[in-house]
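Peer 1:
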Amino acid sequence: MLATPDEIAAWPSGHDGFVEAFAKGLAVIGAFGPDGGARSLADLARRTGLPRAGVRRLVLTLLELGLAEPRDGGFILTPRVLRLGFAYLSSLGLREVAQPLIERLSREADEVVAVSVLDGDELVYVARAEVQGVLRRSLTIGSRLPAFCTSMGRVLLSGLTDEAVRGLLTRKPLPAYTPRTLTDPEALAAAVAATRRTGWAMVSEELEIGACGLAAAIRDTRGRVVAAVNLSTNLARHGEADFVATFRDRLLAVAAEIERRLPPA
Numbered sequence: 031m032l033a034t035p036d037e038i039a040a041w042p043s044g045h046d047g048f049v050e051a052f053a054k055g056l057a058v059i060g061a062f063g064p065d066g067g068a069r070s071l072a073d074l075a076r077r078t079g080l081p082r083a084g085v086r087r088l089v090l091t092l093l094e095l096g097l098a099e100p101r102d103g104g105f106i107l108t109p110r111v112l113r114l115g116f117a118y119l120s121s122l123g124l125r126e127v128a129q130p131l132i133e134r135l136s137r138e139a140d141e142v143v144a145v146s147v148l149d150g151d152e153l154v155y156v157a158r159a160e161v162q163g164v165l166r167r168s169l170t171i172g173s174r175l176p177a178f179c180t181s182m183g184r185v186l187l188s189g190l191t192d193e194a195v196r197g198l199l200t201r202k203p204l205p206a207y208t209p210r211t212l213t214d215p216e217a218l219a220a221a222v223a224a225t226r227r228t229g230w231a232m233v234s235e236e237l238e239i240g241a242c243g244l245a246a247a248i249r250d251t252r253g254r255v256v257a258a259v260n261l262s263t264n265l266a267r268h269g270e271a272d273f274v275a276t277f278r279d280r281l282l283a284v285a286a287e288i289e290r291r292l293p294p295a
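FYI, in our numbering the residues of the sequence shown are 31 to 295.
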């Protein structure tokens, strides 16, 4: 929760630099909690200590902005809320922390290494180390890829609740980019759950024939998945099993080093 009822009661009143309505909206967002379950207006009012009528207006605003949606007689947040988290990660200087580490790994492995964060159902590149290799996909900082069929995407999705993952995977039909693309929501949810247990994922030829990616989770000091680091190869250079055996532990070590250097959450 972003603010407790006692903290809300202590907010400065009449201060011309304090926008109370904005603060209340953030409090309502925080009141949805980490479990991903639907919240009723009465529950949100109880958790924030705000009047039910005021909470209703704030929730209607969230619905209008696409930040919440009805579910099971209540309301849940949508993945669009993660855009707020992207702004937060940018303020942490994630790219500055990660860049020298992924450049070193890229040189040692002679492969492309990248870091991304989740924005809705897409991953967004925030850092990338280039090599003169056989992957020539013109991906740069700010480039986006679908999350469901990429190794970084599955790592990032593993930071969400099962309900949030299923909601995202069933919101619209998933395209098959290659004959190997996994598009069944239940199978994908199982793959994400397995990634949540291990902290890493390997996805091969689901977005592009010949391309294979290995990704590891980057967590903040509270243990939340906030980013993913990925090493990509062409299968002409490495077989899938050899790729994992050669680079998984090195990639996990880089992810752990990035975590150690991030400021406290």
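Just so it is clear, CB atoms sit at the ideal spot from N, CA and C, and this is done for glycine as well.
Measure from the alpha carbon of Leu187 to the alpha carbon of each residue in Phe48, Gly104, Ala246 and Leu93, then state which is nearest.
Peer 2: Leu187 has its Cα closest to that of Ala246, out of Phe48, Gly104, Ala246 and Leu93.
Peer 1: With the cut-off set at 7 Å, would you say Val161 and Leu261 are in Cβ contact?
Peer 2: no
Peer 1: So within the region 62-94, which uninterrupted alpha helix (DSSP H) runs reach at least 4 residues, ignoring any that extend past its ends?
Peer 2: 71-78 and 82-94
Peer 1: For the 8 Å Cβ check, are there 3 or more pairs between the region 95-103 and the region 129-140?
Peer 2: no
Peer 1: Spatial neighbours of Arg174 within its chain, please: C-beta separation below 8 Å, excluding the five flanking residues on both sides.
Peer 2: Asp149, Glu152, Leu153, Val154 and Tyr155
Peer 1: Please report the straight-line C-alpha distance between Phe277 and Thr213, rounded to a whole angstrom.
Peer 2: 27 Å
Peer 1: Tell me whether the region 266-282 and the region 218-228 touch, counting them as touching only if at least three CB pairs, one residue from each stretch, are closer than 8 Å.
Peer 2: no
Peer 1: I think Leu292 touches Val127, with their Cβ atoms under 8 Å apart; what is that distance to the nearest whole Å?
Peer 2: Right, their Cβ atoms sit about 6 Å apart.
Peer 1: Excluding the 5 residues flanking Pro294 on each side, which residues of the same chain have their C-beta closer than 7 Å to its C-beta?
Peer 2: Thr251
Peer 1: For Ala217, which residues in the same chain have their Cβ closer than 7 Å to its Cβ, ignoring the five residues on either side in sequence?
Peer 2: none
Peer 1: From Thr180 to Leu237, what does the alpha carbon distance come to, in whole angstroms?
Peer 2: 7 Å
Peer 1: Ignore the nearest five residues each way along the sequence and tell me which others in Lys54's own chain have a CB closer than 8 Å to its CB.
Peer 2: Ile38, Thr78, Leu80, Gly84 and Leu88
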